[in-house]
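Residue numbers (the working numbering): 699 to 1082. Heads up, the beta-carbon is just placed ideally off N, CA and C, and yes, glycines get one too.
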Amino acid sequence: MSNFKKLLVAQFLTAFADNAILWIAITWAVVSVDNHSSYVSALQASFLIAFVVLAPWVGAFADAHAKSKVLVIGNVVKLVGSGLMIFSIDPLIAYAIVGIGAAIYSPAKYGVIPELVDEKGLVKANGWVEGATIAAILIGGIVGAKIANESISAALWFVVALYVVSAIIAARIGPLQAIAERKKGYIREFTYVCKTLIDTRHARFALIGSALFWASAAVLRVALIAWAQVVLLISDTDKIAELTIFISIGIVIGSLLSAKVFRLENLRKTRFAAYAMGVCVLIFSQVDTVIGTWIILFLIGAAGGIFIVPINAAIQNIGHKTVGAGGTVATQNFFNNMAMLIASGLFYASAKAGISPIVSIFATGVLILLATMVIAMQLRKNQP
């Protein structure tokens, strides 16, 4: 098996486990917590905090070690977090530790791609990685929720086993070498990487675009749970998780199509996919049938997949040539997860205030359209 295929398998398994444990925690919350909509927002935020707080360190850590080793370490930390949940530690704490593992894992996952494929294959390789990730999210959420509805403990042990297998496969990627020396002054270095990327128009466009995508995804993920209960009258978490099949399939197809639709030198054209995503979210807020939900979630996913893959490829390519892939991905994660934290916080506040999820979804669509207009201006001059 080639190193890139090993990466795909390891990524599929760890992403499967990441999403399974989320839906296990959601299943627990729906049964055990009165205001579970706000609790789910807090749960998502607990996972994201590590990405923001550890951003100055995890990118440099990934570049200072063989990335296969970093992938293993990330999986081990995730395993510890899921194990704590087995022993009845509050999911907010346990899932936060899983988030620490994910924060360690992520820069290595994306940063290793330029070490395994050439520049011409970056968009295609990213499409495969995104496709594998979304497929894992698709299956992991449903399987995790279904097993959790029968036994929370059995579901958690299943997740632990997935992290173990992913770590074993990740350890076999390579041999790879560290691409940077270990440094001190991580915050200073992180600030330098951020400034360098923000000062580059293509990188700035990609960073803001990526943050927009993930902030939207954060809101839709938690809003869908409340929306399905209010509009479709679905209360079982495994049935709600099944709705995510359609958005996930859309993202997989969009991710694979993106290499045919966009090239790195035509990055600004990705704005049309973002506009389409925003319009679809607006339509989604007005849907009230199951079939209509399937169709519009698929279209949201397809537009999002087409948008995010060239964005990821562009930021990796720029970072690999300038400040290092690990630091670049950590910076991207910082912006993504800060945006997701803010989005989760806003939804938490709206849920606490009793605002309908329909209103929250409509507002998300409006914000996507407005934000896309702003980020498109970053590449207006002399760009296609």
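If you run the structure through DSSP and keep just helix, strand and coil, what is residue i?
i     : result
Q1081 : Below a pLDDT of 50, predicted positions are generally treated as unreliable, and Q1081, at 49, falls in that range; no measurement from the model is reported.
G1036 : The residue you asked about is not Gly; residue 1036 is Met in the sequence shown. The answer is helix: DSSP assigns M1036 an H, G or I state.
G731  : According to the sequence as given, residue 731 is Val; it is not Gly. DSSP places V731 in coil when its eight states are reduced to three.
M1075 : helix
G1022 : coil
V975  : In the sequence on display, residue 975 carries Met and not Val. In this structure, M975 counts as helix in the three-state DSSP scheme.
R870  : coil
L752  : coil
H841  : Here residue 841 is Val; the residue named in the question, His, does not match the sequence. Helix, per DSSP.
I1016 : helix
G883  : coil
V815  : coil
D897  : coil
T987  : coil
V1057 : helix
V810  : coil
I932  : coil
S849  : coil
A1051 : coil
S1042 : helix
S864  : helix
S700  : coil
Comparing C-alpha positions only, which one of the options sits nearest to residue i?
i     : options                     : result
T942  : A957, V959 and A921         : A921
L995  : L918, I1006, F970 and Y793  : L918
A764  : N1031, S735, L905 and G872  : G872
P754  : S956, G839, F714 and I802   : I802
I947  : I832, S1058 and A865        : I832
A806  : Y861, V768 and L954         : V768
S914  : S700, I1006 and I885        : I1006
A1001 : I951, N701 and A823         : I951
K869  : I747, A859, G772 and F785   : For clarity, residue 869 is Ala in the given sequence; the question names Lys instead. If we check each option's Cα against that of A869, G772 comes out closest.
A718  : K703, I993, L854 and V959   : L854
A846  : L711, I798, I1066 and D934  : D934
S713  : A834, I791, H900 and S953   : This sequence places Ala at residue 713; Ser is not what is there. When only C-alpha atoms are compared, the closest one is A834.
Y1046 : D732, V729, H1018 and A743  : A743
V1072 : V1021, A1061, Y973 and Y884 : Y973
F1033 : A1061, K893 and I923        : K893
I923  : E817, T991 and D761         : T991
V815  : N1015, K776 and S1058       : N1015
E940  : A760, I837 and S983         : I837
S864  : S1058, F759, A715 and T1070 : A715
F702  : A1012, V778, P789 and K822  : K822
A758  : R899, V774, E887 and V729   : E887
L1044 : A916, L820 and I998         : A916
I1066 : F911, I811 and T898         : F911
Is any beta-carbon of chain D found at less than 8 Å from that of residue i?
i    : result
F996 : Here chain D cannot be found, since the structure has a single protein chain.
Could you give the uninterrupted runs of the alpha helix (DSSP H) lying entirely in the segment 763-808, keeping only those of 4 residues or more? Within the segment 763-808, the runs of alpha helix (DSSP H) at least 4 residues long that lie entirely inside it are, in chain order, 765-784.
Is it a yes or a no for the segment 973-982 touching the segment 1025-1034, going by three-plus beta-carbon pairs under 8 Å? They do not touch, by the three-pair rule.
Contact between the segment 897-909 and the segment 734-741 (3+ Cβ pairs under 8 Å): They do not touch, by the three-pair rule.
Measuring CB atoms only, is the segment 840-856 touching the segment 709-727, in the sense that at least three cross pairs come out at less than 8 Å? By the criterion of at least three beta-carbon pairs nearer than 8 Å, the segment 840-856 is in contact with the segment 709-727.
Assess, as a yes-or-no matter, whether the segment 820-836 is touched by the segment 705-720 under the definition of 3 or more beta carbon pairs within less than 8 Å. When C-beta atoms of the segment 705-720 are compared with those of the segment 820-836, three or more pairs fall below 8 Å, so the two segments count as touching.
Does the segment 1054-1063 touch the segment 924-939, meaning 3 or more C-beta pairs lie closer than 8 Å? The segment 924-939 vs the segment 1054-1063: in contact.
Assess, as a yes-or-no matter, whether the segment 1037-1047 is touched by the segment 744-760 under the definition of 3 or more beta carbon pairs within less than 8 Å. With the rule of 3 Cβ pairs closer than 8 Å, the segment 744-760 counts as touching the segment 1037-1047.
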